[in-house]
Amino acid sequence: MAKEYKLTAARIKELEEELQYLKTDKMQQVVDDIREARSHGDLSENSEYDEARTEQAKLFGRIAEIEEILAHAITIEDDAESSGKIGLGCTVTVKDMNTGEVMEFRITGTQEADPLAGKMSDDSPFGRALVGKTAGERVSITAPIGTFEAEIIRVTR
541 MAKEYKLTAA
551 RIKELEEELQ
561 YLKTDKMQQV
571 VDDIREARSH
581 GDLSENSEYD
591 EARTEQAKLF
601 GRIAEIEEIL
611 AHAITIEDDA
621 ESSGKIGLGC
631 TVTVKDMNTG
641 EVMEFRITGT
651 QEADPLAGKM
661 SDDSPFGRAL
671 VGKTAGERVS
681 ITAPIGTFEA
691 EIIRVTR
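According to the working numbering, numbering within the sequence shown proceeds without interruption in unit steps and concludes at 697.
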């Protein structure tokens, strides 16, 4: 069975725009680069040609990757919005009960996750502990660095 990708509508739009750019502007640039490199003569010793062909392979790989993601994308519908429960697309503010540190994260699908940018996957230990909870609840989060307690301060869209 094909993997499903949980994505927000905004992320799907970003990927569609990137795909369009890659198939048009970027593809033309790569074709032009290959044509230019070929004009320099012997291809067996032409590093510009090799580089252009490598770039073409990367481009085709990225196009295939985006097409795969979009073909199996599930748009995140927010059933939890009216209930105040944490779900995909929510921004959650939590307080670490051990250190008192307050952190804010956006809960995303795995394709959008970027912990350094404050985007946590719903499939991560942190995300799994929070999904379905509401503001005011305390949760125990088991992460690779250990287990810690956190209080959910705020849930927003």
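A virtual CB, placed ideally from N, CA and C, is assigned to each residue, including glycine.
Next item on the list: At 4 residues or longer, and completely inside the segment 579-610: list those alpha helix (DSSP H) runs for me, N to C.
Entry: Complete alpha helix (DSSP H) runs here, min 4: none at all.
Checklist line | Start and end residues, beta strand (DSSP E) containing Lys659 | finding: 659-661
Check: Taking the alpha-carbon positions, what's the Thr639 to Ile681 distance?
Finding: 14 angstroms
Notebook entry, point to check: Run through DSSP, which three-state label would Lys563 get?
Noted result: helix
Next item on the list: Could you tell me if Ile692 is buried or exposed, where buried requires 16 or more neighbouring beta carbons within 10 angstroms of its beta carbon?
Entry: It is buried - the Cβ of Ile692 has at least 16 other Cβ atoms within 10 Å.
Checklist line | Member of Thr650, Glu556, Gln568 whose CA lies at the smallest distance from the CA of Arg668 | finding: With distances taken between Cα atoms, Arg668 lies closest to Thr650.
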